[in-house]
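**Q** Numbering (this note's numbering), first residue to last: 4 to 62. Ideal Cβ placement from N, Cα and C applies to all residues, glycine included. The structure follows.
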Amino acid sequence: MAFFKALYRAIVLFLFFAFFFVVLSLVFDLNFWPAYQNSVQNLVVLFIFALCIAISATY
4 MAFFKALYRA IVLFLFFAFF FVVLSLVFDL NFWPAYQNSV QNLVVLFIFA LCIAISATY
């Protein structure tokens with residue numbers, strides 16, 4: 004049960020971080036997504052980062 008709670012938190016954090024980075028890149032015109040083929044890799048890294056935060060917050 005705790006794992007699903009962590010997974011849920013990770014998904015919420017992931018969406019928050021993704022939204023945050025997209026807004027930042029739009030506002031400041033920063034190059035967070037260098038190429039379209041790298042965007043998937045960035046999302047995976049972002050999700051793993053959010054998962055680590057969620058697990059550390061849960062346990």
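Pick from 24, 8, 16: whose alpha carbon is nearest that of residue 51?
**A** It is 16.
**Q** Apart from the five residues on each side of it in sequence, which residues of its chain come closer than 7 angstroms, Cβ to Cβ, to residue 58?
**A** Around residue 58: 9.
**Q** Taking a contact to mean a Cβ-Cβ separation below 9 angstroms, would you say residue 20 touches residue 49 in this structure?
**A** Yes, the Cβ-Cβ distance between residue 20 and residue 49 is below 9 angstroms.
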